[in-house]
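Engineer: For the sequence shown, position 62 matches number 61 in numbering that gives the first Met the number 0, and the numbering has no gaps at all.
Cβ coordinates follow ideal geometry from the N, Cα and C atoms, glycine included.
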Amino acid sequence: MATKATLQEFEFINNNCADIKVDSNGKTSLKCPRCGKPLLMDRNGSSTEIYCTDPNCIKITYRGI
Ligand SMILES: [Zn+2]
């Protein structure tokens with residue numbers, strides 16, 4: 000089960016958000032701040048989920064970006 004990112008992890012992704020590149024598989028150019036695996040991004044209507052390749056690692060949901 001994915002866990003919510005800590006504030007520090009959230010800020011890391013927020014700070015790097017502008018530079019994120021996403022390939023056709025949803026894989027981003029960002030590495031997970033917790034385990035170093037690639038982060039995935041999934042846009043769903045008005046919310047965006049960013050989550051680790053590892054299903055037991057972090058998951059962040061943004062709204063309205
Ligand atoms: Zn991770």
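Comparing alpha-carbon positions, which option in T27, L39, C31, I19 lies nearest T5?
Structural biologist: It is C31 whose Cα lies nearest to the Cα of T5.
Engineer: Between P54, S46, G44, Q7, which has its C-alpha nearest K36's C-alpha?
Structural biologist: Ranking the options by Cα distance to K36, first place goes to P54.
Engineer: Give the straight-line distance between the Cα atoms of C16 and L38, rounded to the nearest whole angstrom.
Structural biologist: Roughly 12 Å between the two C-alpha positions.
Engineer: What's the gap between the Cα of I59 and the Cα of N24?
Structural biologist: Straight-line Cα distance between these residues: approximately 18 Å.
Engineer: Quick one: residues in its chain with C-beta nearer than 8 Å to the C-beta of A1, no 5 flanking neighbours on either side, listed in chain order?
Structural biologist: Y50, C51, P54, N55, C56, I57, K58, listed in sequence order.
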